[in-house]
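Asks: My questions all concern the structure below.
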Amino acid sequence: MGIERSLADRKGKSFCELPKETTNSNGRSRKNRRRQRKMLPVQMLFETCKEVFASAGTGIIPPPQHIEKLRSVLDAIRPEDVGLKPEMPYFRTSAAQRIPKITYMHIYECKKFSMGIFCLPPSGVIPLHNHPGMTVFSKLLFGTMHIKSYDWAADLVPHSPTNLKPSQIQSPEVRLAKIKVDADFSAPCTPSILYPADGGNMHCFTAVTACAVLDVLGPPYSDPDGRHCTYYLNHPFSKFSDDGTSIPEEERKGYEWLQEREKLENIEVKGALYGGPKFVES
Numbered sequence: 001m002g003i004e005r006s007l008a009d010r011k012g013k014s015f016c017e018l019p020k021e022t023t024n025s026n027g028r029s030r031k032n033r034r035r036q037r038k039m040l041p042v043q044m045l046f047e048t049c050k051e052v053f054a055s056a057g058t059g060i061i062p063p064p065q066h067i068e069k070l071r072s073v074l075d076a077i078r079p080e081d082v083g084l085k086p087e088m089p090y091f092r093t094s095a096a097q098r099i100p101k102i103t104y105m106h107i108y109e110c111k112k113f114s115m116g117i118f119c120l121p122p123s124g125v126i127p128l129h130n131h132p133g134m135t136v137f138s139k140l141l142f143g144t145m146h147i148k149s150y151d152w153a154a155d156l157v158p159h160s161p162t163n164l165k166p167s168q169i170q171s172p173e174v175r176l177a178k179i180k181v182d183a184d185f186s187a188p189c190t191p192s193i194l195y196p197a198d199g200g201n202m203h204c205f206t207a208v209t210a211c212a213v214l215d216v217l218g219p220p221y222s223d224p225d226g227r228h229c230t231y232y233l234n235h236p237f238s239k240f241s242d243d244g245t246s247i248p249e250e251e252r253k254g255y256e257w258l259q260e261r262e263k264l265e266n267i268e269v270k271g272a273l274y275g276g277p278k279f280v281e282s
């Protein structure tokens, strides 16, 4: 999931604007329009995902008009549209909990896309991870969250070696990445989009307050298809020498080294059933 800096102040056309009816029956036309207007937001999201990700595959990015359509649908979704309230127990921690527990509500998944909600209590952390070959849409439903995201620097710094094995690290490799975002975001935020190689494909999340994020992934994670979630440790640029870099001294704070990690610590994620409005899998 990625979060952009801009706020949701776009107006544009409503995502639920209806096409012109071609039927000759005025009664039937009005009935169809009423049915479409009454479609639940979660049903609209499901139907739009089916359309947007109809040709989904590793590294395949939906066309711009489909991207904008799904972004508009997400932009209109509110916490109550998916059955969430800030006072729910998912967003609280007890004194006995050493590590804030994160809850993931699974809504839907198929080979083309997945939908789900991350519920984070204050100080909850989703560690730095990636979304290989995937296009990810995210909507911060409520709360404030700190986002730090990166893109690989290979294309940005073509004359700089981007894979090193410094003497301080035996394995695995570290790789140079450019910091894309490092800031707090508060709802309402414009739904964000990250792409396979742009937009902050590697990112971590820290809940400043209790918050919830609706995620749509197309296609979803799949080990057999090479879409495995990898977690990383981040190191400051100054930690390792890179004598061949072409990055000016004054810009080096905008880059860090990312190192793959095998074991996750200080994180607890619990699955939960989606309890919001139901939708029909047509």
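Mapping to UniProt numbering: the sequence shown position 17 is 17, numbers consecutive. The C-beta atom is built at its ideal place from N, Cα and C for all residues, glycine as well.
Rounding to the nearest angstrom, what Cα-Cα distance links GLN65 and GLY226 in this structure?
Replies: Position 65 of the sequence shown, counting from 1, holds the residue named residue 65. Position 226 of the sequence shown, counting from 1, holds the residue named residue 226. Roughly 27 angstroms separates the two Cα atoms.
Asks: Residue 285 lies in the alpha helix (DSSP H); which residues open and close that run?
Replies: Since the first residue of the chain shown is 1 and the last is 282, residue 285 is not available in this structure.
Asks: Would you mind reading off the limits of the alpha helix (DSSP H) that contains LEU264?
Replies: Along the sequence shown, one-based indexing puts residue 264 at 264. Premise fails: LEU264 is in no alpha helix (DSSP H) and is neither H nor E.
Asks: Our contact map puts LEU74 next to PRO191 with C-beta atoms below 8 angstroms; I'd like the distance itself, whole angstroms only.
Replies: Translated into positions along the sequence shown, residue 74 becomes position 74. Translated into positions along the sequence shown, residue 191 becomes position 191. Rounded, the Cβ-Cβ distance is 4 angstroms, consistent with contact.
Asks: Does ASN266 pass the burial test, meaning 16 or more other C-beta atoms within 10 Å, or should it be called exposed?
Replies: Stepping through the sequence shown from its first residue, residue 266 is reached at position 266. Exposed.
Asks: Based on DSSP bridge pairs, tell me the residues matched to VAL216.
Replies: For the purposes of this step, residue 216 is taken as residue 216 along the sequence shown, with counting starting at 1. According to DSSP, VAL216 bridges with MET115 and PHE137.
Asks: Please list the terminal residues of the continuous alpha helix (DSSP H) segment that includes HIS66.
Replies: Numbered from 1 along the sequence shown, position 66 holds the residue referred to as residue 66. Here the alpha helix (DSSP H) through HIS66 covers 64 to 75.
Asks: Answer yes if the region 194 to 208 comes into contact with the region 130 to 150, meaning at least three C-beta pairs across the two stretches below 8 angstroms, and no otherwise.
Replies: Short answer: they touch.
Asks: Below 8 angstroms, how does it come out for the region 82 to 94 and the region 249 to 258: are there three or more Cβ pairs, yes or no?
Replies: No contact exists between the region 82 to 94 and the region 249 to 258.
Asks: Figure out for me which residue from ALA153, HIS131, ILE99 and PRO122 has the closest Cα to the Cα of ASP223.
Replies: Translated into the one-based positions of the sequence shown, residue 223 becomes position 223. When each option's Cα is compared against that of ASP223, the closest is HIS131.
Asks: Comparing alpha-carbon positions, which option in GLU51, SER94, PRO41 and SER114 lies nearest ARG78?
Replies: In the sequence shown, residue 78 corresponds to position 78, counting from 1. The option with the nearest alpha carbon to ARG78 is PRO41.
Asks: Roughly how many whole angstroms lie between the Cα atoms of HIS228 and PRO188?
Replies: Along the sequence shown, read from residue 1 onward, the residue named residue 228 stands at position 228. Along the sequence shown, read from residue 1 onward, the residue named residue 188 stands at position 188. Roughly 31 angstroms between the two C-alpha positions.
Asks: Classify PHE279 as helix, strand or coil using the three-state DSSP reduction.
Replies: Taking the first residue of the sequence shown as position 1, residue 279 is located at position 279. Note: PHE279 maps to coil in three-state DSSP.
Asks: I'd like to check one pair, LEU214 with LYS101: are the Cβ atoms closer than 9 angstroms?
Replies: Start at 1 with the first residue of the sequence shown, and residue 101 comes out as number 101. Start at 1 with the first residue of the sequence shown, and residue 214 comes out as number 214. Contact: no.
Asks: Should LYS178 be labelled buried (16 or more other beta-carbon atoms within 10 Å of its own) or exposed?
Replies: Position 178 of the sequence shown, counted from the start, is the residue given in the question as residue 178. Burial call: buried.
Asks: Could you give the DSSP three-state label for SER238: helix, strand or coil?
Replies: Working through the sequence shown from its first residue, we reach residue 238 at position 238. SER238: helix per DSSP, three-state reduction.
Asks: Tell me the rounded alpha-carbon separation between CYS110 and GLU250.
Replies: Counting from 1 along the sequence shown, the entry for residue 110 is found at position 110. Counting from 1 along the sequence shown, the entry for residue 250 is found at position 250. Using only the alpha carbons, I get a separation of about 46 angstroms.
Asks: Alpha carbon to alpha carbon, how far is GLU51 from GLY218?
Replies: Here residue 51 refers to the residue found at position 51 when the sequence shown is read from its first residue. Here residue 218 refers to the residue found at position 218 when the sequence shown is read from its first residue. Taking the straight line joining both Cα atoms gives about 11 angstroms.
Asks: Just checking my contact of TYR104 with PHE118 at CB under 8 angstroms: how many whole Å lie between their CB atoms?
Replies: Within the sequence shown, numbered from 1, the residue matching residue 104 stands at position 104. Within the sequence shown, numbered from 1, the residue matching residue 118 stands at position 118. Going by Cβ atoms, the distance from TYR104 to PHE118 rounds to 6 angstroms, so yes, they are a contact pair.
Asks: Drop a sphere of 10 angstroms on the beta-carbon of ILE193, count the other beta-carbons inside from all chains shown, and report buried for 16 or more, exposed for fewer.
Replies: If you number the sequence shown from 1, residue 193 lands on position 193. That one is buried.
Asks: Would you call ILE99 buried or exposed, if buried means 16 or more other Cβ atoms sit within 10 Å of its Cβ?
Replies: Within the sequence shown, the letter at position 99 stands for residue 99. Exposed.
Asks: Applying the 10 Å Cβ sphere with the 16-neighbour rule, what's the burial state of PRO236?
Replies: Numbered from its first residue, the sequence shown carries residue 236 at position 236. Per the 10 Å Cβ criterion, exposed.
Asks: Could you pull the DSSP bridge partners for GLU109 from this structure?
Replies: For this step, residue 109 is matched to residue 109 along the sequence shown. DSSP output for GLU109 lists SER114 as bridge partner(s).
Asks: Comparing C-alpha positions only, which one of ASP81, ARG71, CYS49 and LEU70 sits nearest to GLY275?
Replies: Counted from its first residue, the sequence shown places residue 275 at position 275. Checked all of ASP81, ARG71, CYS49 and LEU70; the closest Cα to GLY275 is ASP81.
Asks: Let me check understanding here. Comparing Cα to Cα, which of PRO122, VAL136, TYR231 and GLU173 lies closest to GLY116?
Replies: Residue 116 sits at position 116 when you count from the first residue of the sequence shown. With distances taken between Cα atoms, GLY116 lies closest to VAL136.
Asks: For ASP182, which residues in the same chain have their Cβ closer than 6 angstroms to its Cβ, ignoring the five residues on either side in sequence?
Replies: Residue mapping note: residue 182 aligns to position 182 of the sequence shown, counting from 1. Closer than 6 angstroms at Cβ, skipping near neighbours: LYS148.
Asks: Between the Cα of PRO121 and those of TYR232, VAL269 and ALA207, spot the shortest distance and give me the residue it belongs to.
Replies: For the purposes of this step, residue 121 is identified with residue 121 of the sequence shown, where counting begins at 1. Out of TYR232, VAL269 and ALA207, ALA207 has the C-alpha closest to the C-alpha of PRO121.
Asks: Let me confirm a value: GLN97 is counted as buried when at least 16 other C-beta atoms fall within 10 Å, else exposed. Which label applies?
Replies: The sequence position of residue 97 within the sequence shown is 97, counting from 1. Exposed: under 16 other Cβ atoms inside 10 Å.
Asks: Could you compute how far the alpha carbon of SER238 sits from the alpha carbon of LEU176?
Replies: Looking up residue 238 in the sequence shown gives position 238. Looking up residue 176 in the sequence shown gives position 176. About 12 angstroms.
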